[in-house]
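Sequential numbering of the sequence shown, starting at 2, is according to the working numbering.
To start, the structure itself, in structure tokens.
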Amino acid sequence: MADPVKRINDENLEKSLLHIRELNGSKALSRDLQDVIPGFKTQKGIYKPQNSQYALWIRQTSRGPYDDKDPDILPDGSWYYRYTPEARGGETDLSLNTNRALLNSMDDNVPLGVFIQRDLPGSQRTYEVMGLAYVEAFDGTHFIIHGEPIDVEAKPMKVKLISPFIPYETGELPVSETTKVIRERAFQAGIRRLYHEKCSLCELGYHFHGQPIGVEAAHLIPVSDRGTSKDLRNGILLCRNHHSLFDRYIWTLDEDYRVLVKDEPLFRRSAESNHVLKVEGLKLPNLPDNEYDLPAQEAIDFRLGRFNDPRL
Ligand SMILES: [Zn+2]
Numbered sequence: 002m003a004d005p006v007k008r009i010n011d012e013n014l015e016k017s018l019l020h021i022r023e024l025n026g027s028k029a030l031s032r033d034l035q036d037v038i039p040g041f042k043t044q045k046g047i048y049k050p051q052n053s054q055y056a057l058w059i060r061q062t063s064r065g066p067y068d069d070k071d072p073d074i075l076p077d078g079s080w081y082y083r084y085t086p087e088a089r090g091g092e093t094d095l096s097l098n099t100n101r102a103l104l105n106s107m108d109d110n111v112p113l114g115v116f117i118q119r120d121l122p123g124s125q126r127t128y129e130v131m132g133l134a135y136v137e138a139f140d141g142t143h144f145i146i147h148g149e150p151i152d153v154e155a156k157p158m159k160v161k162l163i164s165p166f167i168p169y170e171t172g173e174l175p176v177s178e179t180t181k182v183i184r185e186r187a188f189q190a191g192i193r194r195l196y197h198e199k200c201s202l203c204e205l206g207y208h209f210h211g212q213p214i215g216v217e218a219a220h221l222i223p224v225s226d227r228g229t230s231k232d233l234r235n236g237i238l239l240c241r242n243h244h245s246l247f248d249r250y251i252w253t254l255d256e257d258y259r260v261l262v263k264d265e266p267l268f269r270r271s272a273e274s275n276h277v278l279k280v281e282g283l284k285l286p287n288l289p290d291n292e293y294d295l296p297a298q299e300a301i302d303f304r305l306g307r308f309n310d311p312r313l
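Here it is, written out as structure tokens:
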């Protein structure tokens, strides 16, 4: 299937949308976004470029008058979000230009960018770029916004569906380098969001200028074993230390998400001052909020197989 963004008959809109997709998962100060995102300087809420019938982006400010909630993330990397339409005189008015632009985007399946304000204590106004999304419906009070899945060519389905876990990349058509980069970025961003930007094992999570530092999304079934990057249930967020131990199968999680550590005396002595032994036998302290986003059992089994392999 072709990328839906490339089917839009508007070169400027296409260019801006692709740019927003590239920024998926990044956080930036409002004033820096003003330099690179059209309309960000002057427009709040919904932005519709003057010569376009579609919206280019929506943004949610954290102290806005509306009760928008945090996105609900699905295993395919897509997410749901309810967005309040703009109102006139306290009443929702769908005939406003901005709301009409969202309805046009919905009717013609044209995606738009989503920005959510995420200020850290004492910081300046920062936005998280959520990437691209589709307006799926208007339920009478809110627009239902559905984020792109990791596999951007597979436009998200119109029902909230938990897809079956497919652990391995299948022999699909050759994937371009750009697509690989976009998927890897979306995988990283999705895992960071699911794990609240903190290591699943030790809960370390630094932020500097709004960006998480020192945490990485790890694949349970590695890419080198053709493990999927299109499903967040093949991932876990770890700090660099616990990621490198995980990569060597020195620790793993069991089917109840408890920590197992290799029974190797010299390693254990070297790890005495390290957090990994403190959580041995305990459930990982930082896991996704929704049960359907937890690591898949097949992926855990793969890790257990390697962990129990005496040659490794
Ligand atoms: Zn850690």
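Built from N, CA and C at the ideal position, the CB exists for glycine as well.
Three-state secondary structure (DSSP) of Thr320: Because the chain in this structure spans residues 2 to 313, residue 320 falls outside the shown range and cannot be described.
Contacts around Pro112, its chain only, beta-carbon distance under 7 Å, and the 5 residues preceding and following it disregarded: As a working mapping, residue 112 is identified with position 111 in the sequence shown. If we look at Pro112 and ignore the five residues flanking it on each side, its Cβ neighbours are Pro5, Val6, Leu18, Leu133, Ala134, Tyr135, Glu149.
Length of the line joining the Cα atoms of Leu295 and Ser164: Translated into the one-based positions of the sequence shown, residue 295 becomes position 294. Translated into the one-based positions of the sequence shown, residue 164 becomes position 163. Approximately 13 Å, taken between the alpha carbons.
Asn291 beta carbon near ligand 1 (any heavy atom closer than 7 Å): To locate residue 291, count along the sequence shown from 1; it is residue 290. No, Cβ of Asn291 sits at least 7 Å from all heavy atoms of ligand 1.
Neighbourhood of ligand 1 [Cβ distance below 7 Å to any heavy atom], ordered by chain position: Cys200, Leu202, Cys203, Leu205, Leu239, Cys240, Asn242, His243, His276
In DSSP terms, what Glu92 is bridged to: Here the question's residue 92 lines up with position 91 in the sequence shown. According to DSSP, Glu92 bridges with Arg89.
Exposure label - Ser201; buried when at least 16 CB within 10 Å: Mapped onto the sequence shown, residue 201 falls at position 200. Burial call: buried.
For Ile59 and Phe41, the rounded distance between their alpha carbons: Along the sequence shown, one-based indexing puts residue 41 at 40. Along the sequence shown, one-based indexing puts residue 59 at 58. Looking at the two C-alpha atoms, the distance is approximately 10 Å.
DSSP bridge partner residues for Lys284 (one or two, in chain order): Indexing the sequence shown from 1 puts residue 284 at position 283. Beta-bridge pairing links Lys284 to Arg259.
Stretch-stretch touch, CB-based, cutoff 8 Å, three pairs: the region 165-172 with the region 98-107: no
His143 in three-state terms, based on DSSP: Counting from 1 along the sequence shown, the entry for residue 143 is found at position 142. In the structure shown, His143 sits in coil (DSSP, three-state: anything other than H, G, I, E or B).
Burial state of Arg22 (16 or more Cβ within 10 Å): By 1-based counting over the sequence shown, the position of residue 22 is 21. Buried is the call here.
Leu103: first and last residue of the uninterrupted alpha helix (DSSP H) it sits in: Start at 1 with the first residue of the sequence shown, and residue 103 comes out as number 102. Element bounds for Leu103: 98-108.
Inter-residue spacing [alpha-carbon to alpha-carbon] between Ala190 and His197: Position 189 of the sequence shown, counting from 1, holds the residue named residue 190. Position 196 of the sequence shown, counting from 1, holds the residue named residue 197. So the alpha carbons of these two residues sit roughly 11 Å apart.
Any alpha helix (DSSP H) of 4 or more consecutive residues that is wholly inside the region 169-202: 178-195
Option nearest Pro286 by Cα separation, candidates Glu15, Ser225, Leu239: By 1-based counting over the sequence shown, the position of residue 286 is 285. The residue with the shortest Cα to Cα distance from Pro286 is Leu239.
Residues that DSSP places opposite Lys28 in a beta bridge: What you label residue 28 is simply residue 27 of the sequence shown in a count that begins at 1. Its beta-bridge partners are Glu129.
Member of Leu97, Tyr81, Tyr82 whose CA lies at the smallest distance from the CA of Ala88: Taking the first residue of the sequence shown as 1, we reach residue 88 at position 87. Ranking Leu97, Tyr81, Tyr82 by Cα distance to Ala88 puts Leu97 first.
Residues near Lys231 in its chain [Cβ-Cβ closer than 6 Å; skip 5 each side]: As a position in the sequence shown, residue 231 is number 230, starting the count at 1. Closer than 6 Å at Cβ, skipping near neighbours: Ile151, Asp152.
Residues near Ala300 in its chain [Cβ-Cβ closer than 8 Å; skip 5 each side]: On the sequence shown, residue 300 is found 299 positions in, with the first residue counted as 1. Excluding sequence neighbours, Ala300 sits near Phe166, Pro168, Leu221, Ile222, Gly228, Arg234, Asn235.
Phe303, buried or exposed, once every other Cβ within 10 Å from all chains shown has been counted against 16: Taking the first residue of the sequence shown as 1, we reach residue 303 at position 302. When all chains shown are included, Phe303 counts as buried.
Own chain partners of Asn309 with C-beta closer than 6 Å, once the 5 adjacent residues on each side are dropped: Start at 1 with the first residue of the sequence shown, and residue 309 comes out as number 308. Result list for Asn309: empty, nothing under 6 Å.
For Val136, three-class secondary structure by DSSP: Translated into positions along the sequence shown, residue 136 becomes position 135. In this structure, Val136 counts as strand in the three-state DSSP scheme.
In DSSP terms, what Phe209 is bridged to: Counted from its first residue, the sequence shown places residue 209 at position 208. For Phe209, which the question treats as bridged, DSSP gives the partners Gln212.
Residue from Phe209, Asn52, Ala29 whose Cα sits closest to the Cα of Ile117: Translated into positions along the sequence shown, residue 117 becomes position 116. For Ile117, the nearest C-alpha among the options comes from Ala29.
Span of the alpha helix (DSSP H) around Arg304: By one-based count along the sequence shown, residue 304 stands at place 303. Arg304 -> alpha helix (DSSP H) spans 298-308.
Nearest to Leu267 (by Cα), restricted to the options Ile251, Leu34, Ile183: Working through the sequence shown from its first residue, we reach residue 267 at position 266. Leu267 has its Cα closest to that of Ile251, out of Ile251, Leu34, Ile183.
Bounding residues of the alpha helix (DSSP H) (the contiguous stretch that carries Phe247): Residue mapping note: residue 247 aligns to position 246 of the sequence shown, counting from 1. Unbroken alpha helix (DSSP H) run through Phe247: 241-248.
Proximity of Asp93 and Ile47 at Cβ, strictly below 8 Å: Position 92 of the sequence shown holds residue 93. Position 46 of the sequence shown holds residue 47. Correcting the residue type first, residue 93 is Thr in the shown sequence and not Asp. Not in contact: Thr93 and Ile47 (Cβ atoms no closer than 8 Å).
Which residues DSSP lists as bridging Val115, in chain order: Numbered from its first residue, the sequence shown carries residue 115 at position 114. Answer is Ile59, Gly132.
Thr43 burial status per 10 Å Cβ neighbour count (16 or more: buried): In the sequence shown, counting from the first residue as 1, residue 43 sits at position 42. With fewer than 16 Cβ atoms within 10 Å of its Cβ, Thr43 is classed as exposed.
Pair within 8 Å by beta-carbon distance, Ile74 and Val115: If you number the sequence shown from 1, residue 74 lands on position 73. If you number the sequence shown from 1, residue 115 lands on position 114. Not a contact, by the Cβ cut-off of 8 Å.
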